[in-house]
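Visitor:
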Amino acid sequence: MRFVLPVFAVLLAIVVLWYGAAVKMNSVWTYDQAARAELEVSFAEVLADTMVQERPVLPAPHQVALGLWQGLFGQKVTSKRSLVYHGWVTLSATLVGFGIGTGLGILLAVGIVHNRAMDMSVMPWAIASQTIPILAIAPMVIVVLASVGITGLLPKAVISAYLSFFPVVVGMVKGLRSPDGMQLDLLRTYNAGRWATFWKLRLPASMPYLFASLKVSMAASLVGAIVGELPAGATAGLGARLLSGSYYGQTIQIWAALFTAAILAAGLVIVIGVIERAALKRMGMAR
Amino acid sequence: MRDSIGQSAPVIEAKGLGLTFQTGDGPVHALKDVDLTIGKGEFVSFIGPSGCGKTTFLRCIAALEHPTEGTLTVNGMAPDAARRARAYGYVFQAAGLYPWRTIAGNVKLPLEIMGYSRADQETRVRNVLSLVDLDGFGKKFPWQLSGGMQQRASIARALAFDADILLMDEPFGALDEIVRDRLNEELLKLWARTEKTIGFVTHSIPEAVYLSTKIVVMSPRPGRITDVIESTLPRERPLDIRDSKEFIEIAHRVREGLRAGHGDEA
Ligand SMILES: Nc1ncnc2c1ncn2[C@@H]1O[C@H](COP(=O)(O)OP(=O)(O)OP(=O)(O)O)[C@@H](O)[C@H]1O
Ligand SMILES: [Mg+2]
Numbered sequence: 001m002r003f004v005l006p007v008f009a010v011l012l013a014i015v016v017l018w019y020g021a022a023v024k025m026n027s028v029w030t031y032d033q034a035a036r037a038e039l040e041v042s043f044a045e046v047l048a049d050t051m052v053q054e055r056p057v058l059p060a061p062h063q064v065a066l067g068l069w070q071g072l073f074g075q076k077v078t079s080k081r082s083l084v085y086h087g088w089v090t091l092s093a094t095l096v097g098f099g100i101g102t103g104l105g106i107l108l109a110v111g112i113v114h115n116r117a118m119d120m121s122v123m124p125w126a127i128a129s130q131t132i133p134i135l136a137i138a139p140m141v142i143v144v145l146a147s148v149g150i151t152g153l154l155p156k157a158v159i160s161a162y163l164s165f166f167p168v169v170v171g172m173v174k175g176l177r178s179p180d181g182m183q184l185d186l187l188r189t190y191n192a193g194r195w196a197t198f199w200k201l202r203l204p205a206s207m208p209y210l211f212a213s214l215k216v217s218m219a220a221s222l223v224g225a226i227v228g229e230l231p232a233g234a235t236a237g238l239g240a241r242l243l244s245g246s247y248y249g250q251t252i253q254i255w256a257a258l259f260t261a262a263i264l265a266a267g268l269v270i271v272i273g274v275i276e277r278a279a280l281k282r283m284g285m286a287r
Numbered sequence: 001m002r003d004s005i006g007q008s009a010p011v012i013e014a015k016g017l018g019l020t021f022q023t024g025d026g027p028v029h030a031l032k033d034v035d036l037t038i039g040k041g042e043f044v045s046f047i048g049p050s051g052c053g054k055t056t057f058l059r060c061i062a063a064l065e066h067p068t069e070g071t072l073t074v075n076g077m078a079p080d081a082a083r084r085a086r087a088y089g090y091v092f093q094a095a096g097l098y099p100w101r102t103i104a105g106n107v108k109l110p111l112e113i114m115g116y117s118r119a120d121q122e123t124r125v126r127n128v129l130s131l132v133d134l135d136g137f138g139k140k141f142p143w144q145l146s147g148g149m150q151q152r153a154s155i156a157r158a159l160a161f162d163a164d165i166l167l168m169d170e171p172f173g174a175l176d177e178i179v180r181d182r183l184n185e186e187l188l189k190l191w192a193r194t195e196k197t198i199g200f201v202t203h204s205i206p207e208a209v210y211l212s213t214k215i216v217v218m219s220p221r222p223g224r225i226t227d228v229i230e231s232t233l234p235r236e237r238p239l240d241i242r243d244s245k246e247f248i249e250i251a252h253r254v255r256e257g258l259r260a261g262h263g264d265e266a
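Quick mapping for you: the protein sequence lines, in order, are chains A and B.
Each residue of the first sequence is one higher than the one before, starting from 1 at the first, in full-length UniProt numbering.
Each residue of the second sequence is one higher than the one before, starting from 1 at the first, in full-length UniProt numbering.
1. Given GLN250 (chain A), which residues of its chain have a CB within under 7 Å of its CB, disregarding the five upstream and five downstream residues?
2. Take ILE155 (chain B) as the anchor and find which of B:GLN144, B:VAL132 and B:HIS29 has the nearest alpha-carbon.
3. Can you find at least 3 beta carbon pairs, one from the stretch 205-219 of chain A and one from the stretch 229-242 of chain A, that sit closer than 8 Å?
4. Below 8 Å on C-beta distance, what does LEU109 (chain B) contact in chain A?
5. At a cut-off of 7 Å, is ASP185 (chain A) close to ligand 2 when judged by its beta-carbon and the heavy atoms of the ligand?
6. What alpha helix (DSSP H) runs, 4 residues minimum, are completely inside the stretch 60-93 of chain A?
7. Taking the DSSP output, what are the residues bridged to GLY171 (chain A)?
8. Going by DSSP, what residue range makes up the beta strand (DSSP E) through THR197 (chain A)?
9. DSSP on SER154 (chain B), reduced to helix/strand/coil?
10. Could you tell me which chain B residues have their CB closer than 7 Å to the CB of PRO155 (chain A), listed as they occur along the chain?
11. When you compare the CB of TRP191 (chain B) with every CB in chain A, is at least one pair closer than 8 Å?
12. Going by CA-CA distance only, name the one from B:ILE225, B:TYR210, B:THR23 and B:GLY257 that's closest to ARG235 (chain B).
13. Taking Cβ-Cβ distances shorter than 8 Å, what residues in chain A pair up with GLY96 (chain B)?
14. Starting from the beta carbon of ALA196 (chain A), find every residue of chain B whose beta carbon is closer than 9 Å, and list them in chain order.
15. Among the residues of its own chain, which have a CB less than 8 Å from the CB of ALA266 (chain B), if the five just before and after it don't count?
16. Considering only DSSP beta bridges, list what ALA14 (chain B) is partnered with.
17. DSSP beta-bridge partners for ASP169 (chain B)?
18. Closer than 7 Å: is that where the CB of VAL10 (chain A) sits relative to any heavy atom of ligand 2?
19. Tell me whether the stretch 77-89 of chain A and the stretch 265-283 of chain A touch, counting them as touching only if at least three CB pairs, one residue from each stretch, are closer than 8 Å.
20. Quick one: list the residues of chain A neighbouring residue 270 (chain B), beta-carbon separation under 9 Å, in chain order.
21. Residues of chain A with a CB under 8 Å from the CB of TYR90 (chain B): which are they?
22. Indicate whether LYS98 (chain B) and ALA62 (chain B) have their beta-carbon atoms separated by less than 8 Å.
23. Do ASP35 (chain B) and GLY18 (chain B) have their C-beta atoms closer together than 8 Å?
24. Does any residue of chain B have a CB that is nearer than 8 Å to the CB of MET172 (chain A)?
25. Which two residues bound the contiguous beta strand (DSSP E) that contains ARG224 (chain B)?
26. So what's LEU230 (chain A) in DSSP terms, helix, strand or just coil?
27. So who's on the other strand from PRO27 (chain B), going by DSSP bridges?
28. How is SER221 (chain A) classed by DSSP in three states: helix, strand or coil?
29. Express the C-alpha separation of THR102 (chain A) and ALA82 (chain B) in angstroms, rounding to a whole number.
30. At a cut of 8 Å, does the stretch 140-157 of chain A reach the stretch 86-98 of chain A through at least three beta carbon pairs?
31. Grab the span of the alpha helix (DSSP H) containing TYR248 (chain A) for me, first residue to last.
32. Indicate the three-state DSSP secondary structure (helix, strand or coil) for LYS108 (chain B) in the structure shown.
33. What is the rounded straight-line gap between the Cα of LEU280 (chain A) and the Cα of ASN106 (chain B)?
34. Go through its chain and collect everything with a Cβ distance to GLY219 (chain A)'s Cβ below 8 Å, but skip five positions before and after it.
35. Please report the straight-line C-alpha distance between GLY228 (chain A) and LEU258 (chain A), rounded to a whole angstrom.
36. From the DSSP secondary-structure annotation, give me the bridge partner or partners of GLY89 (chain B).
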């Protein structure tokens, strides 16, 4: 109850600001039209017009809400105009990419922690990989994979994995190294090997770090999948929806797609949070 | 020479032992010219001011640290071989229980690593938990236990497997006097029952005198042994033995030894 009020207040402020900005930005077009038709328009008329334009510079909140509602619930989920359909296309690539990225991230982290050569060499490359703008890489990935006959979900998943492995590597390396000297010494007195040290100590100790990284990595996966849908001239997915929206000036469509992506991201992160809580609780590590 | 204990085959034997840490601001002589023989079944306490090398010596025995001079044997082997033979249990100053394992799970840890059978693990965990008076707490997680109970669980963990040496580094340092008294009493009983050889680091003179058959007094910079006191107290020791004349005499000698160590340094 205590946090409802502040959240509501912030939301209200955003909506008010948004309406204000919509009026200001969209009125330019209204005035232009009026000037071209050599008509005088009153402020009330301008106000009304900025709320209902078909291709507003900034759609008003209720327009976006309506677009979102119609996209999600206004048609069959198999329809090309359904945001559920496009959302699913993006989601499937996101999840596959997330799986690949997480798996790769964990493997790299295990390698880095156990192998000196990898410790020295992998991290700089991993960091370098993230400094290259994904928008520059995405088309190359898609073209290269298409040339060997791989199209559809997989290239997008690869881009998604490219973004999502990094937080997992960073978090897992930190997590696997989190046991202190005393805990490692204890295992030495048992004459435990690397294998036992990994399974009994490093891996369980890294779980809180892993879950924190997974949340970041999940969001990055979604961004990767959407970016992967931009260059290909893809016809399905939230990215394609964004792109076609911007081709045809369908700003409402763009915003509806953006909000779908945001809802998707929030949902995925919440799911990870729920799994995290359950897992850590079972491990006796819940705070 | 005082009693029969010291005459049995040495379990731990250090001759001219030295360890110098090379640090950024020059070498630190943590141990120098340490000669010590510990016989089977002895309870040996190490006492001395902070930084005199007590922990370092214990860690050398456990092969967690490697001496730079002299020789050290454990059960007649090099410490590393003894470690590989799983010759000892080590109790660290902090309980260091794994938060993701129950108390029983924590005690089971060494057993899993050493490949004891499932059935054997269960019985050992039960036995050793009752040994440290923690029956019924097996299913609890560490954070559900008090500090003293956690420390007892960590002792149980070191007792769960068949090592005949138990090394303890200030295991009760963080506990209040009353809990400490109780644990001391329990530790003595446990020692009598298991006949282990125990190396015990402490800062408390009464604790050292109460527990030990042999008290090793150390002094710092460089860490070395200044006195080795064979206790004349009987093996059976009720808590009120601490008011006896003999006890007070030994405590006095320990205090003298500590003071002398300080005097040298000045
Ligand atoms: N890993 C290390 N590197 C460098 N110096 C060390 C290291 N470990 C211990 N020392 C030094 O060796 C000396 C002995 O340390 P040690 O921990 O054995 O003392 P201690 O007798 O156990 O002290 P305390 O009673 O405070 O636990 C100290 O001067 C310490 O600074
Ligand atoms: Mg110490």
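Each residue gets a CB set at the ideal place from its N, CA and C atoms; glycine is no exception.
Guide: So, from the listed chains and residues:
1. Within the first sequence, the letter at position 250 stands for residue 250 (chain A). Once the five neighbours on either side are set aside, the close Cβ partners of GLN250 (chain A) are ARG55.
2. Counting from one through the second sequence, the residue named residue 155 (chain B) turns up at place 155. Of B:GLN144, B:VAL132 and B:HIS29, the residue nearest in Cα terms is B:VAL132.
3. no
4. Walking along the second sequence from the start, residue 109 (chain B) turns up at place 109. Those within 8 Å of LEU109 (chain B) in chain A are TYR190 and LYS200.
5. By one-based count along the first sequence, residue 185 (chain A) stands at place 185. Incorrect: ASP185 (chain A) has no Cβ contact closer than 7 Å to ligand 2.
6. 61-73
7. Residue numbering aside, residue 171 (chain A) sits at position 171 when the first sequence is read from its first letter. DSSP output for GLY171 (chain A) lists no bridge partner at all.
8. Sequence index remark: in the first sequence, residue 197 (chain A) carries index 197 (1-based). Premise fails: THR197 (chain A) is in no beta strand (DSSP E) and is neither H nor E.
9. Taking the second sequence and counting its residues from 1, one reaches residue 154 (chain B) at position 154. Here SER154 (chain B) sits in helix by DSSP.
10. Numbered from 1 along the first sequence, position 155 holds the residue referred to as residue 155 (chain A). Ordered by position in chain B, no residue passes the 7 Å Cβ test against PRO155 (chain A), which lies about 39 Å from the chain.
11. The count along the second sequence starts at 1 and reaches residue 191 (chain B) at position 191. It does not: the Cβ of TRP191 (chain B) has no partner Cβ on chain A nearer than 8 Å.
12. For the purposes of this step, residue 235 (chain B) is taken as the residue at position 235 of the second sequence. For ARG235 (chain B), the nearest C-alpha among the options comes from B:TYR210.
13. Taking the first residue of the second sequence as position 1, residue 96 (chain B) is located at position 96. Those within 8 Å of GLY96 (chain B) in chain A are MET182, GLN183 and LEU186.
14. The residue labelled residue 196 (chain A) in the question sits at position 196 within the first sequence. Result: GLU112 and ILE113.
15. As a first step, residue 266 (chain B) is located in the second sequence; it is residue number 266 there, counting from the start. Note that ALA266 (chain B) scores a pLDDT of 40, beneath 50, so its modelled location is shaky; the value from the coordinates is reported in the next line. So no residue of the chain qualifies.
16. Here residue 14 (chain B) refers to the residue found at position 14 of the second sequence. DSSP lists B:LEU36 and B:LEU72 as partners of ALA14 (chain B).
17. Within the second sequence, residue 169 (chain B) is the residue found at index 169, counting from 1. Note: ASP169 (chain B) sits in a beta bridge opposite B:VAL201.
18. Locating residue 10 (chain A) in the first sequence gives position 10, counting from the first residue. Not under cutoff, so the answer is no.
19. no
20. Residue 270 (chain B) cannot be examined here, being either before or after the span of chain B that is shown, 1 to 266.
21. Your numbering for residue 90 (chain B) matches position 90 in the second sequence. Result: ASP185, LEU186 and THR189.
22. Position 98 of the second sequence, counting from 1, holds the residue named residue 98 (chain B). Position 62 of the second sequence, counting from 1, holds the residue named residue 62 (chain B). Sequence check: residue 98 (chain B) is Tyr here, not Lys. It is not a contact, given that the beta carbons lie outside the stated cut-off.
23. Position 35 of the second sequence, counted from the first residue, corresponds to residue 35 (chain B). Position 18 of the second sequence, counted from the first residue, corresponds to residue 18 (chain B). It is not a contact, given that the beta carbons lie outside the stated cut-off.
24. Along the first sequence, read from residue 1 onward, the residue named residue 172 (chain A) stands at position 172. Output row for MET172 (chain A): interface = no.
25. Taking the first residue of the second sequence as position 1, residue 224 (chain B) is located at position 224. Looking at the DSSP string, the run of the beta strand (DSSP E) that includes ARG224 (chain B) is 224-230.
26. Against the first sequence, residue 230 (chain A) aligns to sequence position 230. LEU230 (chain A) falls in the coil class under three-state DSSP.
27. Walking along the second sequence from the start, residue 27 (chain B) turns up at place 27. Looking at the DSSP assignment, PRO27 (chain B) forms a beta bridge with B:GLN22.
28. Locating residue 221 (chain A) in the first sequence gives position 221, counting from the first residue. Note: SER221 (chain A) maps to helix in three-state DSSP.
29. Residue numbering aside, residue 82 (chain B) sits at position 82 when the second sequence is read from its first letter. Residue numbering aside, residue 102 (chain A) sits at position 102 when the first sequence is read from its first letter. The straight-line gap from Cα to Cα measures roughly 41 Å.
30. yes
31. The residue you call residue 248 (chain A) lines up with position 248 of the first sequence. Run containing TYR248 (chain A): none; DSSP gives neither H nor E here.
32. Here residue 108 (chain B) refers to the residue found at position 108 when the second sequence is read from its first residue. Reduced to three states, the DSSP call for LYS108 (chain B) is helix.
33. For the purposes of this step, residue 280 (chain A) is taken as residue 280 along the first sequence, with counting starting at 1. For the purposes of this step, residue 106 (chain B) is taken as residue 106 along the second sequence, with counting starting at 1. Distance between the alpha carbons of LEU280 (chain A) and ASN106 (chain B): 17 Å.
34. As a position in the first sequence, residue 219 (chain A) is number 219, starting the count at 1. Correcting the residue type first, residue 219 (chain A) is Ala in the shown sequence and not Gly. Answer for ALA219 (chain A): ALA265, LEU268 and VAL269, listed in chain order.
35. For the purposes of this step, residue 228 (chain A) is identified with residue 228 of the first sequence, where counting begins at 1. For the purposes of this step, residue 258 (chain A) is identified with residue 258 of the first sequence, where counting begins at 1. Approximately 15 Å between the Cα atoms of the pair.
36. Position 89 of the second sequence, counted from the start, is the residue given in the question as residue 89 (chain B). Per DSSP, B:LEU166.
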